[in-house]
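Notes to accompany the following structure.
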Amino acid sequence: MTRAVSELTIRPLAGPEELGLFLQLSYTLDHELAEDLESGRRRPEWTWVALRGERLVGRIAWWSRDGDTPLLLDFFDLDDTLPEPERGETGLRLLETATAAVVPAGAPRPEYGRFVPPDWREDPAVREVVEARIRVMERSGARMLVERLRLEWRVGTPVPAGSGRLRFRPVADREDLLALMTPVMEGTLDAHGRADLASGLSARESAEKHYDEELATYSTPREWWRIAELPDGEPVGFVIPARNSYNPIIAYLGVLPAHRGHGYIDDILAEGTGVLAAQDDVVRIRAATDLGNVPMARSFERLGYVNFERSFDMVWD
54 MTRAVSELTI
64 RPLAGPEELG
74 LFLQLSYTLD
84 HELAEDLESG
94 RRRPEWTWVA
104 LRGERLVGRI
114 AWWSRDGDTP
124 LLLDFFDLDD
134 TLPEPERGET
144 GLRLLETATA
154 AVVPAGAPRP
164 EYGRFVPPDW
174 REDPAVREVV
184 EARIRVMERS
194 GARMLVERLR
204 LEWRVGTPVP
214 AGSGRLRFRP
224 VADREDLLAL
234 MTPVMEGTLD
244 AHGRADLASG
254 LSARESAEKH
264 YDEELATYST
274 PREWWRIAEL
284 PDGEPVGFVI
294 PARNSYNPII
304 AYLGVLPAHR
314 GHGYIDDILA
324 EGTGVLAAQD
334 DVVRIRAATD
344 LGNVPMARSF
354 ERLGYVNFER
364 SFDMVWD
């Protein structure tokens with residue numbers, strides 16, 4: 054077994070022309086690869102394969118918004134016909150070799166994200182495939198941060214009218230939104246937000262990080278962003294409808310601590326969904342929420358969103 058693993062060839066793709074080699078294994082994001090390479094969201098030098106002879110036995114790839122710095126490790130696939138421990142050893146060697154070449158020395162490793170079926174724990178074969186990836190990541194020092202529900206509103210699903218208890222206005226500017234994002238961090242159920250606070254960031258610093266690293270990157274109109282208020286003008290929460298590189302999305306939704314538990318979340322989600330549903334050619338709206346964020350998950354369900362997939366995020370401390 055050691056001899057077989059030692060004969061691996063681990064290398065990046067020579068260029069987009071080798072995409073067919075990378076596609077000899079499969080994953081739900083395969084259909085995005087060609088466009089991502091063309092747009093610069095991916096690079097051949099961030100896209101690696103493990104070969105035994107001409108046989109593809111593993112692959113790994115990173116993604117970026119701007120093509121300058123790898124932000125997310127989102128492809129990590131192994132030939133699941135390989136027996137253990139060969140499969141695990143192959144995966145670990147591929148992961149460590151490619152990471153050493155892709156991630157700058159001294160820089161933190163990008164988070165690992167993986168999409169999985171919504172019932173992945175219930176099918177023993179699927180569960181083994183998912184857990185095989187997790188085992189390799191854990192051997193490299195990663196830990197599970199969060200499991201999330203991936204949700205989808207589909208065209209034809211009614212968007213309920215609001216209750217009339219709230220009124221909505223566009224976000225005025227960065228500070229207008231940050232003034233609400235900061236208190237929303239209090240008691241947040243979002244694992245990434247909680248991790249920011251645990252790392253020593255203040256609520257304001259965590260809000261600024263989220264704004265600058267994610268919300269500010271969306272090119273869709275800021276006029277879509279909404280702040281929810283009571284009739285007297287007191288803010289209740291906000292919603293950020295947007296479009297990323299692939300889909301219309303509910304990028305962020307927050308309810309201020311003083312107003313949680315009163316059912317406003319459904320009105321706010323309906324407003325954001327309605328903004329996107331009114332745009333031309335929208336056939337679906339994507340969203341995600343942590344498995345532990347039960348109030349948010351139930352609101353999506355009430356609004357007709359379907360849990361079509363799950364995901365998990367792993368991090369290196």
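The numbering of the sequence shown is this note's numbering, which starts it at 54 and goes up by one. Backbone N, C-alpha and C define an ideal beta-carbon position, used for all residues, glycine too.
By the criterion of at least three beta-carbon pairs nearer than 8 Å, the segment 303 to 313 is in contact with the segment 284 to 294.
In the three-state scheme derived from DSSP, where H, G and I count as helix and E and B as strand, Val155 is classed as helix.
Beyond the five residues adjoining it in sequence on each side, Val110 comes within less than 8 Å, by CB distance, of Leu61, Ala103, Leu104, Leu131, Asp132, Leu135 and Thr143 in the same chain, given in chain order.
The DSSP assignment places complete alpha helix (DSSP H) segments of no fewer than 4 residues inside the segment 236 to 314 at 244 to 251 and 256 to 266, in order along the chain.
When DSSP states are grouped into helix, strand and coil, Leu344 belongs to the coil group.
As a beta-bridge residue in DSSP terms, Pro223 pairs with Arg279. Relative to the Cα of Thr150, the nearest Cα in the group Trp99, Asp285 and Met234 belongs to Trp99.
Apart from the 5 residues on each side of it in sequence, Gly68 sits with its Cβ closer than 6 Å to the Cβ of Pro97 in its chain, given in chain order. Within the segment 93 to 159, the complete alpha helix (DSSP H) segments of 4 residues or longer fall at 139 to 155, listed in chain order. If you look at Arg180, you'll find it isn't in any beta strand (DSSP E); it sits in the alpha helix (DSSP H) that goes Pro177 to Arg192.
Taking 8 Å as the upper bound for CB-CB distance, Glu205 and Ile318 are not in contact here, some 18 Å apart. When secondary structure is reduced to three states using DSSP, Thr62 falls in the strand class.
For the pair Glu362 and Pro170, the CB atoms are nearer than the 8 Å cut-off. Rounded to whole angstroms, the separation of the alpha carbons of Pro236 and Pro348 is 18 Å. A Cβ-Cβ contact shorter than 8 Å links Arg162 with Trp369. With contact defined as three or more Cβ pairs closer than 8 Å, the segment 178 to 189 and the segment 218 to 235 are not in contact. Looking from the CA of Thr326, the closest CA among Phe365, Val208, Glu282 and His263 belongs to Val208. Separation of the CB atoms of Leu126 and Tyr165 is rounded to 4 Å, and the pair is thereby assigned contact status at 8 Å. The C-beta separation of Arg196 from Glu282 comes to about 40 Å, leaving the pair out of contact by the 8 Å criterion. Contact between Leu82 and Arg95 does not hold, since the beta-carbon distance rounds to 10 Å and is not under 8 Å.
In this structure, Phe168 lies away from Arg112, with their beta-carbon atoms at least 8 Å apart. Taken through DSSP and simplified to helix, strand or coil, Arg337 comes out as strand. Pairing Glu137 with Val179, the inter-Cα distance amounts to about 16 Å. By the Cβ neighbour-count rule, Glu228 is exposed, with fewer than 16 other Cβ atoms within 10 Å of its own.
With contacts defined by Cβ atoms closer than 8 Å, Arg279 and Val328 form a contacting pair. In this chain, the alpha helix (DSSP H) harbouring Gly325 covers Tyr317 to Ala330. Residues of the same chain with a CB within less than 6 Å of the CB of Ala244, apart from the 5 flanking positions on each side, are Leu198, Val199 and Asp343 in chain order.
Non-local C-beta neighbours of Arg140 in its own chain, meaning closer than 8 Å and more than five positions away in sequence, comprise Leu131, Asp132, Asp133 and Ala185, ordered along the chain. Under the DSSP definition of a beta bridge, Leu356 lacks any partner.
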